[in-house]
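As structure tokens, this is what we get:
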């Protein structure tokens, strides 16, 4: 119905409660996690099949029959970029699910937890596959609703409820903004299909309503992409959620905002390109500075990582704002790397929290002594994210800076380099606290994380090194996704 | 030449480093020996390229690395008369430091991690020197940063090691980012990272922005070299690190800044160097005098040597900056002499610290009779750097100053020559206070350092001596 990967995800989502009912006894709880991991693995397999189909045809279309065919009916339109994003969502979800088996073992309501997790990934994948605004919005809301519940999952704590509520309010406002923008576009053109919108608006002379619509789009998706000043929900939500969920939220969910933003801006607002480029670039600089400066003074490990996510979104938005092949490649490559690095960092942070029962960096000092492996993986993530070779973050941040200079945005590139200094400052501080300082009473009592939690972090850390030493195949993937994004003719032509 | 020799020279230490990390505790006992072996093999791999270099000229190797539409990069190696001698000496200093550590770091915590970081550090340094393109140069340049940071901050000597490590990291990283901006600007104007193509491609840079690019790169190299206004990280870091690491930092790492100036700025920005040579030479002189005066004021044996490194880097910078071929040759020769002599001096200082248990020069005295070999070795190192004939430092300094005069900068060179008095002054005073005079009662029982420490010291002292008598041995490699 919605292509195999998405079907599998939806079916597994809907069937999770059944498995949960079967695995009602505490001893059987692990079955749930394994079931979800299995579902995601199957999804990944079908995604690979879909990838081959896309590689052959360029674009895969899924449309309804009359009278539901486009441009009126809903549709999916999958190109290389959609597959690229879906892969990231699925693989990140897989890591989070495997990690959750151990991490969440003492929580109740696991059936709900895993249902929501799968639902969120299905929503994100749907957003990446959507070929029109209506489909996009439906899956967008699926993603949002599940993530609200996941942020507030540990409902016995005030913090989660507050963060979840704040997130709900802000994100719902964002969704409403998107809906308004959609209705304007529909009013102007009589369609919500991306390809049809692109043909009718690409040569339009910008008028007042189009400007309003553009503003609404940037604000609406910007909230999800945590663009400063719409970022305030993120530090709360990402630090209050259970760590595997934080890894998903920070690693990939914020990227759906970036994805939707750039897809729609390039397709629909091509006539106003120079305008939104500059707007996005300026927002990007604010986002970098905002995230980095706030991160400088954090003592809560997860909040620090959350602010760092905002800063990284700044780099990504900056790369996207160039709308050139090298800029988009750099950004998409950084999206991939960020999913890996931030996923790794949040999962390691989760291990620290799980073992030492605190998020306070001052209490986690010197935890290397008792948790050497987790600390080593954490260190790899930190070194990757501050763009030190030979790890993956170096290449993508370098490519974004380089693309910025190529696109004659040298001041912006210089500002990004300045921001990299900020991130070095607070990350080295974290590294020093975790690795080098004297252990505190809390960290002395911690023990090494169990194998089920170490293995996902080990694989992510290994990926950081592998991509860092041999980035070519990964850059190629990002580059093909970027080409697909820029290839408007194929995207529009195959629909109409 | 061994096939793929440059690749082996770079990868071998890294592979051993990873292995040491992975096997950790199980190889703890032999970690030092394994690391020394890896480092020595790397030295041999570099040495094996000597005959090919002499017979066939520069060696250029390239391996496919990244081929994508938006970024193209080969893993290229360039071995010529500039990179070969420096790579050899850097690798040799690293190997000797490794060997020296076996005894010096005996019984310290985290042996395997220490040697692993030392080997990664070595990989980074050799990688920088043999790189054939700018981006790879930067890649390895930054690769050095993390292991050297850990070596300072984790195995440092005092409680201040964390703060000092932090300062070191931020300072050098900011310098590197300036350099990166410079490298990327070059790429955007010329479309190439390749060091061989670069001199021809430089015409594409508009004259209005060439100076900016030059300054960006100069800041990057200057921080590593510890040239006067951006030197403050050096005394702290070099004094804080353990002695073998100080020997590597002072003896090898800061030379990479000089190498960068010689390799990139002199070849590609020759015109700018000539235009700004007065300013560069003056900067060099300020660094010479400042480092020298600060060295005079030190009582801590390692801080004295650290400030002396700043002063010596001033000589090298002066030689590179005066803009004459003789000066550049002299500077490159001095890079090698300083690498040998300064690592020798740090190792001797380490032996003295270890045997006496103190670092304060004012409390020492009369150690010549107690530690004759260390005393002779220190004399060779110190007198060589003070420019005393027939030691090797004399030749290189003489060449540097001749270069200054031959490019017509008589007055500036005169000031530089006069300032060598300071160098001679603090070294002689240092020798006097440590090795002569009356022995304090607390040091009556001081014994000669063990053979494990003496062997690398003797090797370095002998090299410094032989190069003084027969400088052509190394000068034939420096074109």
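Chains as they are written, first to last, in my numbering: chain A, 1 to 496; chain B, 1001 to 1479.
Even for Gly, the Cβ is constructed at its ideal location relative to N, Cα and C.
Taking the alpha-carbon positions, what's the residue i to residue j distance?
i: residue 467 of chain A; j: residue 474 of chain A; result: 7 angstroms
i: residue 191 of chain A; j: residue 132 of chain A; result: 9 angstroms
i: residue 244 of chain A; j: residue 224 of chain A; result: 19 angstroms
i: residue 335 of chain A; j: residue 455 of chain A; result: 23 angstroms
i: residue 350 of chain A; j: residue 357 of chain A; result: 10 angstroms
i: residue 331 of chain A; j: residue 323 of chain A; result: 10 angstroms
i: residue 239 of chain A; j: residue 30 of chain A; result: 25 angstroms
i: residue 237 of chain A; j: residue 354 of chain A; result: 18 angstroms
i: residue 1094 of chain B; j: residue 125 of chain A; result: 52 angstroms
i: residue 197 of chain A; j: residue 481 of chain A; result: 21 angstroms
i: residue 1122 of chain B; j: residue 153 of chain A; result: 49 angstroms
i: residue 385 of chain A; j: residue 1454 of chain B; result: 43 angstroms
i: residue 300 of chain A; j: residue 202 of chain A; result: 47 angstroms
i: residue 529 of chain A; j: residue 1334 of chain B; result: Nothing in the structure corresponds to residue 529 of chain A, since chain A is present only between 1 and 496.
i: residue 1141 of chain B; j: residue 1077 of chain B; result: 15 angstroms
i: residue 1245 of chain B; j: residue 1058 of chain B; result: 31 angstroms
Identify, in the order they occur along the chain, each residue of the same chain with its Cβ nearer than 6 angstroms to the Cβ of residue i, setting aside the five sequence neighbours on each side.
i: residue 1301 of chain B; result: 1349, 1359 and 1361
i: residue 1330 of chain B; result: 1319, 1396, 1399, 1400 and 1403
i: residue 1012 of chain B; result: 1038, 1041 and 1042
i: residue 143 of chain A; result: 120, 123 and 124
i: residue 478 of chain A; result: 329, 332 and 333
Identify, in the order they occur along the chain, each residue of the same chain with its Cβ nearer than 8 angstroms to the Cβ of residue i, setting aside the five sequence neighbours on each side.
i: residue 1304 of chain B; result: 1295, 1298, 1361, 1426 and 1430
i: residue 1285 of chain B; result: 1314, 1318, 1412, 1415, 1416 and 1419
i: residue 4 of chain A; result: 46, 49 and 50
i: residue 1385 of chain B; result: 1308, 1312, 1337, 1338, 1341, 1342, 1345, 1393, 1423 and 1427
i: residue 1407 of chain B; result: 1277, 1322, 1323, 1324 and 1327
i: residue 1456 of chain B; result: 1096, 1097, 1099, 1100 and 1347
i: residue 450 of chain A; result: 102
Please list, in chain order, all residues of the same chain as residue i whose beta carbon is under 7 angstroms from its beta carbon, the five residues on each side excluded.
i: residue 1292 of chain B; result: 1311, 1419, 1422, 1423 and 1426
i: residue 1223 of chain B; result: 1171, 1172, 1175 and 1230
i: residue 118 of chain A; result: 9, 12, 13, 16, 36 and 39
i: residue 1235 of chain B; result: 1303, 1306 and 1307
i: residue 377 of chain A; result: 344, 348, 457, 458 and 461
i: residue 1031 of chain B; result: 1020, 1111, 1112 and 1115
Give a yes or no on whether the minimum CB-CB distance between residue i and chain B is below 8 angstroms.
i: residue 329 of chain A; result: yes
i: residue 396 of chain A; result: no
i: residue 55 of chain A; result: no
i: residue 325 of chain A; result: yes
i: residue 467 of chain A; result: no
i: residue 383 of chain A; result: yes
i: residue 374 of chain A; result: no
i: residue 308 of chain A; result: no
i: residue 226 of chain A; result: no
i: residue 497 of chain A; result: Not covered by the structure: residue 497 of chain A. The range shown for chain A is 1 to 496.
i: residue 340 of chain A; result: no
i: residue 335 of chain A; result: no
i: residue 297 of chain A; result: no
i: residue 5 of chain A; result: no
i: residue 411 of chain A; result: no
i: residue 405 of chain A; result: yes
Of all the CB atoms in chain A, is at least one closer than 8 angstroms to the CB of residue i?
i: residue 1293 of chain B; result: no
i: residue 1154 of chain B; result: yes
Query raised in the report: Just by C-beta distance, which residues in the stretch 420-451 of chain A are closer than 8 angstroms to chain B?
Result: 420, 421, 424, 425, 428, 429, 432, 435, 436 and 437
Requested in this report: Would you check if the stretch 1150-1163 of chain B and the stretch 1066-1083 of chain B touch, i.e. whether three or more CB-CB distances between them fall below 8 angstroms?
Outcome: no
Report task. Mind checking the stretch 1062-1084 of chain B against chain A and listing, in chain order, the residues whose C-beta falls within less than 8 angstroms of any C-beta there? Result -> 1065, 1066, 1067, 1068, 1069, 1070 and 1071
Query raised in the report: Taking contact to mean at least 3 C-beta pairs separated by less than 8 angstroms, is the stretch 413-423 of chain A in contact with the stretch 284-303 of chain A?
Result: yes
**Report entry** Inter-stretch contact at 8 angstroms, needing at least 3 Cβ pairs: the stretch 1008-1025 of chain B / the stretch 73-86 of chain A
**Finding:** no
Query raised in the report: For the stretch 1161-1189 of chain B, which residues have a CB atom closer than 9 angstroms to at least one CB atom of chain A, in sequence order?
Result: 1161, 1162, 1165, 1166, 1169, 1170, 1173, 1174, 1177, 1178, 1180, 1181, 1184, 1185, 1187 and 1188
Query raised in the report: What residues in the stretch 1118-1146 of chain B have a beta carbon less than 7 angstroms from any beta carbon of chain A?
Result: 1139, 1142, 1143, 1145 and 1146
Report task. Count the C-beta pairs between the stretch 1100-1119 of chain B and the stretch 485-493 of chain A that are closer than 8 angstroms, then say yes if the count reaches three, no if not. Result -> no
**Report entry** Meets three-Cβ-pair contact criterion under 8 angstroms: the stretch 24-43 of chain A and the stretch 96-106 of chain A
**Finding:** yes
Query raised in the report: At a cut of 8 angstroms, does the stretch 339-348 of chain A reach the stretch 300-312 of chain A through at least three beta carbon pairs?
Result: yes
**Report entry** the stretch 168-188 of chain A in contact with the stretch 216-233 of chain A per 3-pair CB rule at 8 angstroms
**Finding:** yes
Report task. Taking 8 angstroms as the threshold, find out whether the stretch 1375-1383 of chain B comes into contact with the stretch 1443-1450 of chain B through three or more Cβ pairs. Result -> no
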